[in-house]
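See below for the structure under consideration.
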Amino acid sequence: MEYKRLKKQADIQNVFKNGKRAYSAGLTLLYLPADETYFAVSVGKKHGKSVRRNRIKRLVREAFRLNLNLLKGTYKIVALPKVKDEYSFSAFDSEIRDIIRRKKL
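This note's numbering puts the first residue of the sequence shown at -5, with every later residue one more than the last.
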């Protein structure tokens, strides 16, 4: 299974406005049913400078890619990491897996 990147601002705003939310300790996922699977990560400036924000985005994207096979349907998904001191791949990986299982996505 593959996913496409959700790039257009209008599409992302649509997910923010009409999508449902799923929470975990370090991550919030907004999701909306769609014909194909799309994914985006939104990291604000409160997380730090661009190097740190880009690292967070890489970690979340990779964690999502590895858990993509757990999805039962197709969705437009936007991930919002919460501001913390430390970020790890294993934390994002387990949180995405947990949200997908809990919400039965």
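Heads up, the beta-carbon is just placed ideally off N, CA and C, and yes, glycines get one too.
What you are looking at is a predicted structure, and each value in this text was computed from that prediction instead of being measured.
Where residue i falls, given that 16 or more other Cβ within 10 Å makes a residue buried
i	result
E89	buried
L21	buried
L64	exposed
N61	buried
V37	buried
F83	exposed
One or two residues paired with residue i in a DSSP bridge
i	result
Y69	P27
L64	Looking at the DSSP assignment, L64 forms no beta bridge with any residue, so it has no partner.
Whether residue i touches residue j by CB criterion (9 Å)
i	j	result
A73	A19	no
D100	Y32	This structure cannot settle anything about residue 100, because the visible part of the chain is limited to -5 through 99.
G13	K98	no
V54	F10	no
I93	L0	no
Nearest-angstrom Cβ-Cβ length linking residue i and residue j, presumed shorter than 8 Å
i	j	result
A28	T68	6 Å
Residue i beta carbon near the ligand MN (any heavy atom closer than 8 Å)
i	result
S84	Looking for the ligand MN in the displayed structure turns up nothing, as the structure carries no ligands at all.
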